[in-house]
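Asker: Input: one structure, supplied below.
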Amino acid sequence: MVTIKQIAEIAGVSRGTVDRVLNNRNGVNKETSKRVNEIAKQLGYAPNIPGQMLAARKKKIKLGFIICDISLGVFFADVYDAAQAKAKELKQYGVTVTFYLIKELTDTHVESVLNQAENDCLDGVALMPLRMPSVSSFIKKAANTDLPLVFFNIDSNASPRLSYVGCDYKTSGKVAAGLISLVVNGKGKIAVANIFNNHSPSFSERLAGFLEEIDSNYPDIQVLNRDADYLFQRDDFSNIINLVSATPNLEALYVINPGDYQICQEIKKYDQDNHIKIITNDFIKEQKYMIDDGIISATICQQPEKQGALPLQLLYNYLGLGMVPEDKYLTELSIYIKQNINTNVTSDHP
1250 MVTIKQIAEI
1260 AGVSRGTVDR
1270 VLNNRNGVNK
1280 ETSKRVNEIA
1290 KQLGYAPNIP
1300 GQMLAARKKK
1310 IKLGFIICDI
1320 SLGVFFADVY
1330 DAAQAKAKEL
1340 KQYGVTVTFY
1350 LIKELTDTHV
1360 ESVLNQAEND
1370 CLDGVALMPL
1380 RMPSVSSFIK
1390 KAANTDLPLV
1400 FFNIDSNASP
1410 RLSYVGCDYK
1420 TSGKVAAGLI
1430 SLVVNGKGKI
1440 AVANIFNNHS
1450 PSFSERLAGF
1460 LEEIDSNYPD
1470 IQVLNRDADY
1480 LFQRDDFSNI
1490 INLVSATPNL
1500 EALYVINPGD
1510 YQICQEIKKY
1520 DQDNHIKIIT
1530 NDFIKEQKYM
1540 IDDGIISATI
1550 CQQPEKQGAL
1560 PLQLLYNYLG
1570 LGMVPEDKYL
1580 TELSIYIKQN
1590 INTNVTSDHP
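Per this note's numbering, residue 1250 is the first one in the sequence shown, and the count goes up by one each step.
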């Protein structure tokens, strides 16, 4: 059995240095850390997990989970529930998880939430890297202090982080294009719709993947509003309704970020015979009857429960057990229709 003492002797450093490296603690330069890890790998070092779990309890690890409130997107309800369940599970290992809810997407409010998290002196944080100056500043500070971050739901290649748990949105858009092609038999006029946030990564990447797939493989499908008039707001669906009213032969609509799904109900007021096939992303309980009634033809889900639970588990594994996670953990893109929502989905939120 390979020991820390053996690694220390070969590396020419103290056992304390090896312990810090293998347990991802600060205070060791990158060159030494790299050498110790390489030696440990060559010798086949295997950590004593029970012993590390006991040590982790003594560390009293403090984690933060920063998430948008449900009022900003019903998807986050299931993410939040899963994170709370994981926090309860980790409590027995000496881990405390504090939740920070973003209730307004204003830089002032988000900055105040992040300042609170910063003041709490956390050991690790799970968050969505929103494209806001306050979030960018928080991430830079975390990098300077070696605070490990796990991103969920949104990734950012430009920002330093430990790992990412979430959707491959471009692939999600391509899957939606494939579904659209099936429901319109490969030809016809279609449109896209998106709730007010035109700059969200999930929207832009899904739209890019969707249009790329349509343009590459379905030349007989025409996207009517690919350059304009695809945005709507809660209680103001005029852009989309005007398009539906003016296009009696509209075959399908891809609702990229649907919000609370009221847009689907409004469209069907103008489409009583369900001629327009609607494809959406994600799933909420209130949406179920829309699929049962044929208002929505299919929806593409992205495992919110994984996005809630796994970031906390990865942070605990890293801080408490010295286990370095993979760069990305992508969620499955599951397609649900009327025939399988009852057996496969309970309450996946968008």
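Every residue gets a Cβ at the ideal spot worked out from N, C-alpha and C, and that includes glycine.
#1: Out of Thr1355, Ala1425 and Ala1334, state which residue places its alpha-carbon closest to the alpha-carbon of isoleucine 1545.
#2: Could you give the distance in angstroms between the alpha-carbon of tyrosine 1585 and the alpha-carbon of serine 1451?
#3: Considering lysine 1279, what are the terminal residues of the alpha helix (DSSP H) in which it resides?
#4: By the three-class DSSP mapping on this structure, what secondary structure does valine 1399 have?
#5: Check whether the Cβ atoms of valine 1344 and tyrosine 1567 lie closer than 8 angstroms to each other.
#6: Would you list the one or two residues that DSSP bridges to valine 1267?
#7: Can you check DSSP and say which residues form a bridge with serine 1412?
#8: Excluding the 5 residues flanking isoleucine 1197 on each side, which residues of the same chain have their C-beta closer than 8 angstroms to its C-beta?
#9: Have a look at aspartate 1597 and serine 1453 and give me their C-alpha separation to the nearest angstrom.
#10: For a test of your reading of the model: does the CB of threonine 1394 fall under 7 angstroms from any non-hydrogen atom of the ligand COA? Yes or no.
#11: Taking 8 angstroms as the cut-off, decide whether the C-beta atoms of proline 1553 and phenylalanine 1324 are in contact.
#12: With C-beta atoms as the reference, is isoleucine 1470 less than 8 angstroms away from valine 1493?
#13: Would you report the Cα separation of cysteine 1513 and isoleucine 1527, rounded to the nearest angstrom?
#14: Measure the C-alpha to C-alpha separation of aspartate 1404 and serine 1383 and round it to an integer number of angstroms.
#15: Excluding the 5 residues flanking phenylalanine 1486 on each side, which residues of the same chain have their C-beta closer than 6 angstroms to its C-beta?
#16: Would you be able to state if there are at least three C-beta pairs under 8 angstroms between the stretch 1331-1340 and the stretch 1357-1371?
#17: When you compare each of Ala1326, Met1539, Ala1331 and Lys1335 to lysine 1352 by their alpha carbons, which one comes out closest?
#18: If you follow the alpha helix (DSSP H) that glycine 1313 is part of, which residue opens it and which one closes it?
#19: So, at 6 angstroms on beta carbons, what are the nonlocal neighbours of threonine 1595 in its own chain, with the 5 sequence-adjacent residues on each side left out?
#20: List the endpoints of the continuous beta strand (DSSP E) containing asparagine 1443.
#21: If you check the beta carbons only, do glutamine 1374 and isoleucine 1315 fall under 8 angstroms apart?
#22: Using CA atoms only, rank isn't needed, just tell me which of Asn1530, Tyr1294 and Val1399 is closest to alanine 1442.
Answerer: Short version:
#1: Ala1425
#2: 19 angstroms
#3: 1279-1292
#4: strand
#5: no
#6: Partner(s): none; valine 1267 has no beta bridge.
#7: Val1399
#8: Beyond the ends of the chain as shown, which are 1250 and 1599, falls residue 1197; an answer cannot be given.
#9: Here aspartate 1597 scores only 43 on pLDDT, less than 50, and its place in the model is too uncertain to base an answer on.
#10: Questions concerning the ligand COA fall outside what the structure shown contains, since it holds no ligand whatsoever.
#11: In contact: proline 1553 and phenylalanine 1324 (Cβ atoms closer than 8 angstroms).
#12: no
#13: In this structure, the alpha-carbon of cysteine 1513 lies about 8 angstroms from that of isoleucine 1527.
#14: 16 angstroms
#15: Ile1512 and Glu1515
#16: no
#17: Ala1326
#18: Looking at the DSSP string, glycine 1313 is not in any alpha helix (DSSP H); the run it does join, the beta strand (DSSP E), is 1311-1317.
#19: With a pLDDT of 49 at threonine 1595, under the threshold of 50, the modelled position of that residue is not reliable, and no figure is offered here.
#20: 1437-1444
#21: Looking at the sequence itself, residue 1374 is valine, so the reference to glutamine does not match. Going by C-beta atoms, valine 1374 is nearer than 8 angstroms to isoleucine 1315.
#22: Asn1530
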